[in-house]
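Trainee: Just dropping this structure here.
Numbering (our numbering), first residue to last: 4 to 339.
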């Protein structure tokens, strides 16, 4: 599998990119920088100056909406083009590479892929809603491909051993171009009580998933951001937005504490397993384990043309609860 599937990835929270600041990043096997241009919009560009190779994030600064090299003072605009080179008779016609960028839902997204982005990640309303708490922000890295991080949501059997589900849940996977949705139900024991929760997982390409879990005690929206770091390592950043009780909003901090106690250790356990597992191109699956094959067929579209899909089921073959829907309008993230 190519290490960087085509799609949108969140590389920063908006609050982490303050005006006038250069932020160093490393994703997709590339040293990168992020800064805000003169109009306040974020830019994500390659980190090294084409003049003499200095890292623009190591001592570089933002000057009039451009990033200035700390070594020789060359400046580059948000579009990557060199706009000033001290002592040069003519400004060199060079640029630093970068990505198409979008900013919404409190996140800075970049698009990896050829040409202009053919689709968009929709807004995530919970990120700006007063009905939800400030997010629990949890980031981890593992030696695993991001596709396998995504397969976790459709791995029916692991819900018993990792998440305390009495038996594998019944799930329904629906796909629509670069979007997919999984619906299911989880029954688990919390503080000695059996709690029924439903969940809807909305997938926006290979790097963004929004899981909305609804229960009688706790409702949470989890924004799962999976991003390739290099050809061996992937990052998963989870932002958990806990819904405030409508009648007792002051209980929200207690609910966040309960969620931390119940859920974060389970995520950490999964990460430890991921960090030591290998990729099985043809896993030995039981009859009820249909989700992984179905998701792999959908995920294959994010690889370059001609790249074989990592599954033993040819594209288009039936395999349980997967349904092809009519193409969705560009920018829409809901499946009718």
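Cβ coordinates follow ideal geometry from the N, Cα and C atoms, glycine included.
Count the other CB atoms, across all protein chains shown, that sit within 10 Å of the CB of residue 291; report buried if there are 16 or more and exposed otherwise.
Mentor: The residue in question, residue 291, is exposed, as its Cβ has fewer than 16 Cβ neighbours within 10 Å.
Trainee: Give the single residue among 110, 83 and 88 whose Cα lies nearest to the Cα of residue 101.
Mentor: Residue 83 is the option with its Cα nearest to residue 101.
Trainee: Going by Cα to Cα distance, which pick from 175, 141 and 143 is closest to residue 156?
Mentor: The shortest Cα separation from residue 156 among 175, 141 and 143 belongs to 175.
Trainee: Over the uninterrupted alpha helix (DSSP H) stretch that includes residue 296, give me the two end residues.
Mentor: That run of the alpha helix (DSSP H) goes 294 to 302.
Trainee: So residue 256 is in the alpha helix (DSSP H); what residue range does that whole segment cover?
Mentor: Segment 255 to 262, the alpha helix (DSSP H) holding residue 256.
Trainee: Using 8 Å as the threshold, is the C-beta distance between residue 63 and residue 70 below it?
Mentor: Going by C-beta atoms, residue 63 is nearer than 8 Å to residue 70.
Trainee: In angstroms, rounded to a whole number, what distance separates the CA positions of residue 61 and residue 51?
Mentor: Roughly 10 Å between the two C-alpha positions.
Trainee: Does the Cβ of residue 282 have 16 or more other Cβ atoms within 10 Å, making it buried, or fewer, making it exposed?
Mentor: By the neighbour-count rule (16 or more Cβ atoms within 10 Å), residue 282 is not buried but exposed.
Trainee: Assuming residue 11 and residue 183 are in contact, meaning their beta carbons sit under 8 Å apart, how far apart are those beta carbons, in whole angstroms?
Mentor: Not a contact, Cβ separation roughly 14 Å.
Trainee: Kindly indicate which three-state DSSP category residue 139 falls into: helix, strand or coil?
Mentor: DSSP places residue 139 in strand when its eight states are reduced to three.
Trainee: Quick check for students: name the residue ranges of the alpha helix (DSSP H) that lie wholly in the stretch 90 to 117, counting only runs of 4 or more.
Mentor: None, since the stretch 90 to 117 contains no complete alpha helix (DSSP H) of that length.
Trainee: Is residue 88 helix, strand or coil by DSSP?
Mentor: Coil at residue 88, not helix or strand.
Trainee: Could you tell me whether any Cβ in chain C is nearer than 8 Å to the Cβ of residue 9?
Mentor: Among the chains in the structure shown there is no chain C, since it carries only a single protein chain.
Trainee: Measuring alpha carbon to alpha carbon, tell me which residue in 304, 250, 246 and 18 is nearest residue 134.
Mentor: Out of 304, 250, 246 and 18, 246 has the C-alpha closest to the C-alpha of residue 134.
Trainee: Helix, strand or coil: how does DSSP classify residue 288 here?
Mentor: If DSSP states are grouped into helix, strand and coil, residue 288 belongs with coil.
Trainee: So the alpha helix (DSSP H) residue 1 belongs to, where does it begin and stop?
Mentor: Because the chain in this structure spans residues 4 to 339, residue 1 falls outside the shown range and cannot be described.
Trainee: Taking C-beta to C-beta, are residue 29 and residue 35 nearer than 8 Å?
Mentor: Contact flag set, yes.
Trainee: Quick check on the burial criterion: 16 or more other C-beta atoms within 10 angstroms. Buried or exposed for residue 44?
Mentor: Burial call: exposed.
Trainee: The ligand MG and residue 143: does the residue's C-beta get closer than 7 Å to at least one heavy atom of that ligand?
Mentor: For the structure depicted, the ligand MG is absent and the ligand set is empty, with no information on it obtainable.
Trainee: Since residue 3 is in the alpha helix (DSSP H), which residue starts that stretch and which ends it?
Mentor: Given a span of 4 to 339 for the chain in the structure shown, any question on residue 3 remains unanswerable.
Trainee: Candidates 220, 120, 261 and 260: which alpha carbon is nearest residue 305's?
Mentor: The shortest Cα separation from residue 305 among 220, 120, 261 and 260 belongs to 120.
Trainee: What's the gap between the Cα of residue 203 and the Cα of residue 309?
Mentor: Looking at the two C-alpha atoms, the distance is approximately 32 Å.
Trainee: Where does residue 277 sit, in a helix, a strand or coil, going by DSSP?
Mentor: Correct three-state label for residue 277: helix.
Trainee: Drop a sphere of 10 angstroms on the beta-carbon of residue 237, count the other beta-carbons inside from all chains shown, and report buried for 16 or more, exposed for fewer.
Mentor: Residue 237 is buried by the Cβ-count criterion.
Trainee: Suppose the cutoff is 8 Å on Cβ atoms and the five residues either side in sequence are ignored; what does the same chain contact list for residue 262 look like?
Mentor: Result list for residue 262: 139, 221, 223, 243 and 245, in chain order.
Trainee: With a threshold of 16 other CB atoms inside 10 Å of the CB of residue 279, please say whether the residue is buried or exposed.
Mentor: Label assigned to residue 279: exposed.
Trainee: Would residue 111 and residue 17 be called neighbours here (beta carbons separated by less than 8 Å)?
Mentor: Against a cut-off of 8 Å, the Cβ pair of residue 17 and residue 111 comes out as a contact.
Trainee: Measure the alpha-carbon distance for residue 58 versus residue 72 and round it to whole angstroms.
Mentor: Distance between the alpha carbons of residue 58 and residue 72 is about 8 Å.
Trainee: Of the choices 149, 180, 14 and 277, whose alpha-carbon is the least far from that of residue 33?
Mentor: It is 14 whose Cα lies nearest to the Cα of residue 33.
Trainee: Among the candidates 181, 89 and 141, whose CA atom is the shortest distance from the CA of residue 239?
Mentor: Answer by Cα proximity: 141.
Trainee: Using the rule of at least 16 other Cβ atoms within 10 Å of the residue's Cβ for burial, across every protein chain shown, is residue 225 buried or exposed?
Mentor: With 16 or more Cβ atoms within 10 Å of its Cβ, residue 225 is classed as buried.
Trainee: Under a three-way DSSP split, which group does residue 251 fall into?
Mentor: Residue 251 falls in the coil class under three-state DSSP.
Trainee: Is the separation between the beta-carbon of residue 294 and that of residue 151 shorter than 8 Å?
Mentor: No, the pair does not count as a contact, with Cβ atoms beyond the cut-off.
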